[in-house]
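S.K.: Note that the sequence shown covers residues -17 to -1, 1 to 121 in mature numbering (1 follows the signal peptide of the UniProt record, and there is no 0).
Here a beta-carbon is modelled for each residue, glycine too, at the ideal position from N, C-alpha and C.
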Amino acid sequence: MKAAFFTVAILAGSALAAPSACPKPGSQTENKADEQAAQPPKSEYEQIKDYCNNNESKKDCELAFRRCTGQVPATATMQQFFQCIDRNQLCAAEGYHMTECTDRAETCQKDAKCQLALGNLTALKDCETKLSKGETCA
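#1: Thinking C-alpha only, which one of N37, C67 and K116 is nearest G53?
#2: Name the residue from G102, L114, K113 and G117 whose alpha carbon lies nearest to the alpha carbon of C35.
#3: Report all residues from its chain with a CB closer than 8 Å to the CB of A4; omit the five preceding and five following residues, and keep chain order.
#4: Please confirm if the region 86 to 96 is in contact with the region 111 to 121, defined as three or more CB-CB distances below 8 Å between the two stretches.
#5: Determine the closest residue to K32 out of A95, L73, E83 and L46, with distance taken between C-alpha atoms.
#6: Enumerate in chain order the residues of its own chain whose CB-to-CB distance from L107 is below 8 Å, with the five nearest sequence positions on each side excluded.
#7: To the nearest angstrom, report how far apart L104 and K25 are at their CA atoms.
#8: Going by DSSP, what residue range makes up the alpha helix (DSSP H) through T82?
#9: Can you list, in chain order, the residues of its chain whose CB lies under 8 Å from that of C51, leaving out five sequence neighbours each side?
#10: For T85, is the classification buried or exposed, using 16 other Cβ atoms within 10 angstroms of its Cβ as the cut-off for buried?
#11: If I follow the unbroken alpha helix (DSSP H) through G53, where does it start and stop?
#12: In the DSSP assignment, the alpha helix (DSSP H) including C67 goes from what residue to what residue?
#13: In the structure shown, what three-state DSSP assignment does A4 receive?
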């Protein structure tokens, strides 16, 4: 099984927002900005760990993560990896119908009309169920 880890940097805070006044040297504002700038970006593994920690079912999310390491190409974005986690988590109980379920869930995620947020498994399940009945997402 290949491990698909990606080179993605998510910075804590935005360095683009200019303060209304220049902070005085040694002030709390300056120290806070220095701390944020000094923090290294989270690794891909840390981002996935955070994603699963914020998930309603951490254990299912972690199992889906393991499945996705073999399914997602190394060139995929973190968004695509998180979508894979959502699909696999949603369809884990489908048994031998899992492939059909994940295919429908992927169709839902790619359909711009559905506007599904990452981690919203309820909306993803609603869309997948509609597609399984021959209906449309929207």
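M.R.: Taking the geometry as given:
#1: C67
#2: G102
#3: In this prediction, A4 has a pLDDT of 47, which is less than 50 and means its spatial position is unreliable; nothing more can be read from the coordinates.
#4: yes
#5: L46
#6: D69, R70, L73, A88, C91, Q92 and L99
#7: 25 Å
#8: M81 to K93
#9: A(-14), F64, C67, I68 and N71
#10: buried
#11: K41 to Q54
#12: M61 to C74
#13: In this predicted model, A4 has a pLDDT of only 47, less than 50, meaning its place in the structure is not dependable enough to derive any value.
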